[in-house]
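So in this note's numbering, spot 209 of the sequence shown is number 349, and the numbers just go up one at a time. Where is the CB? At the ideal position from N, CA and C, for every residue including glycine. Being a predicted model, the structure only gives us computed values, none of them experimental.
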Amino acid sequence: MTTEICAVNSDSLAAAKKILQGGGVVAFPTETVYGLGGDARNDEAVQRIYQVKGRPSDNPLIVHIHSEFDLSSLVYDTPYAGRLRQAFLPGPLTLVYKSKNNVSKLVSCGLDTLAIRVPAHKGAQEFLRYVDMPIAAPSANLSKHISPVSAEHVYSDLNGKIPLILDGGICSGGIESTVCDVTGEFPVVLREGLVSKEMIESVAGKCEVYKFKEGEQARSPGMRYKHYAPRCATRLFEAGQIEEAKECFAENHRIGKKVYVLCEDRFKSNFPSDYVLNLGRTEYEIAANLYAELRKGEAVADLIIAIKPEKKDGIMAGVLNRLSKACANE
Ligand code: TXA
Ligand code: MG
141 MTTEICAVNS DSLAAAKKIL QGGGVVAFPT ETVYGLGGDA RNDEAVQRIY
191 QVKGRPSDNP LIVHIHSEFD LSSLVYDTPY AGRLRQAFLP GPLTLVYKSK
241 NNVSKLVSCG LDTLAIRVPA HKGAQEFLRY VDMPIAAPSA NLSKHISPVS
291 AEHVYSDLNG KIPLILDGGI CSGGIESTVC DVTGEFPVVL REGLVSKEMI
341 ESVAGKCEVY KFKEGEQARS PGMRYKHYAP RCATRLFEAG QIEEAKECFA
391 ENHRIGKKVY VLCEDRFKSN FPSDYVLNLG RTEYEIAANL YAELRKGEAV
441 ADLIIAIKPE KKDGIMAGVL NRLSKACANE
């Protein structure tokens, strides 16, 4: 199969709709990362998503809809969820509701809940409006690899496996949406992201971040898996371990390893500039650059030394979660 990359326009949208109606899958942009979408009502399409990614079949998918799509056709609402939608949608927040079971059972892997996202990206909204169906979509990378933030990233993972990539440029957000369960008395964040716990709290009054306990059934099955990993060795250091990171760099450099350092701008002067993967200065810049720099790094490095950013709360909680999963010391 040849994989075409096309800008989002009336021709490519018509082609995408035809593919989806036939049970196929297409990649599309969102403001977080690119998605690999199929008709959420079609078992065959959903099965194909898992197959193309090599994704474990017990890791549920998010359903994407446009702003005017009738949410009540898919899920049961919770009173405070309306306030969260009002405050943050369309945007990088996925809400997990009780499902009305009107999509393929394979989407939620047998759970009685359904995760719904309304992306803000202009191309995503155009796509979802044009096809006007609930689109099940994980990130458009091979399972366990770094999520894609450009059409080229999708192409390098899925070339030959899908017919079409809708190109909406580089994703401005850079990490996957916050996943928040709204089936209980108060919201529970299952995956941290660009809508922080603090932001949700400010609207809903109370919010907790779910912590997976060994031996318990995971509420967000995806969080169990090693994720987002680059295809080279990694070492992760705390912001307070610059000296150790410098030593690690020097040692590996000396023995001829191609070693690169992924760090925020304030730490870059500790390393030779040719070997720095710069995450930038602000929290939003750091989130936006994380996956792009990891992909750049894995293409050239034997080893990536990652240094955690100094700030830990707000949206940096999501960044730290991804960075730790990508660069876990093994
Ligand atoms: O930003 C994003 O969320 C991107 C774009 C494409 O929208 N999508 C994305 O999908 O990151 P994926 O499949 O890579 O991650 C979906 C996450 C997983 O951690 C999964 O376990 C969780 O959402 N999830 C999906 N449905 C769920 C459900 N019913 N209950 C609990 N967690 C759910
Ligand atoms: Mg993913």
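Relative to ligand 1, is the shortest distance from any of its heavy atoms to the C-beta of Arg394 smaller than 7 Å? Arg394 Cβ: outside cutoff for every heavy atom of ligand 1.
Can you find the residues in the same chain that come closer than 7 Å, C-beta to C-beta, to Gly313, ignoring five residues on each side of it along the sequence? Excluding sequence neighbours, Gly313 sits near Glu171, Thr172, Pro232, Leu334, Ala427, Ala428.
List the endpoints of the continuous beta strand (DSSP E) containing Ser175. Checking the sequence, you will find Gly at residue 175 rather than Ser. Gly175 -> beta strand (DSSP E) spans 175-179.
Looking at ligand 1, does it come within less than 7 Å of Leu430, judged from the CB to the closest heavy atom? No - ligand 1 has no heavy atom lying nearer than 7 Å to the Cβ of Leu430.
Is Gly175 near ligand 1, with its Cβ less than 7 Å from a heavy atom? Gly175 Cβ: within cutoff of ligand 1.
Which word fits Lys193, buried or exposed, when buried means at least 16 other C-beta atoms lie within 10 angstroms of its C-beta? Counting the other CB atoms within 10 Å of its CB gives Lys193 a total of 16 or more, which places it among the buried residues.
Taking only the alpha-carbon atoms, compute the straight-line gap between Ala260 and Ala156 and give it to the nearest angstrom. Each residue's alpha carbon lies about 19 Å from the other.
Under 8 Å by Cβ, that's how I've got Gly420 and Glu404 pegged, so tell me the actual separation to the nearest angstrom. Contact annotation, Gly420 with Glu404: C-beta distance approximately 7 Å; criterion of less than 8 Å satisfied.
Do Arg269 and His206 have their beta-carbon atoms positioned less than 8 Å apart in this structure? Between His206 and Arg269, the gap from beta carbon to beta carbon is short of 8 Å.
Residue interval of the beta strand (DSSP E) (run including Lys238): From DSSP, the beta strand (DSSP E) with Lys238 extends over 233-239.
Simplified DSSP state of Leu160, which is helix, strand or coil: Helix at Leu160.
If you scan the stretch 335-418 from start to end, which runs of the beta strand (DSSP E) of 3 or more residues do you find wholly inside it? Segments of the beta strand (DSSP E) lying fully in the stretch 335-418: 373-377, 399-403, 416-418.
If you count every other CB in all the chains shown that lies within 10 Å of the CB of Ile256, and 16 or more means buried, which is it? Ile256 is buried by the Cβ-count criterion.
Less than 8 Å between the C-beta atoms of Ile310 and Val289, yes or no? Inclusion of Ile310 and Val289 in the CB contact set at 8 Å is warranted, their separation being smaller than that value.
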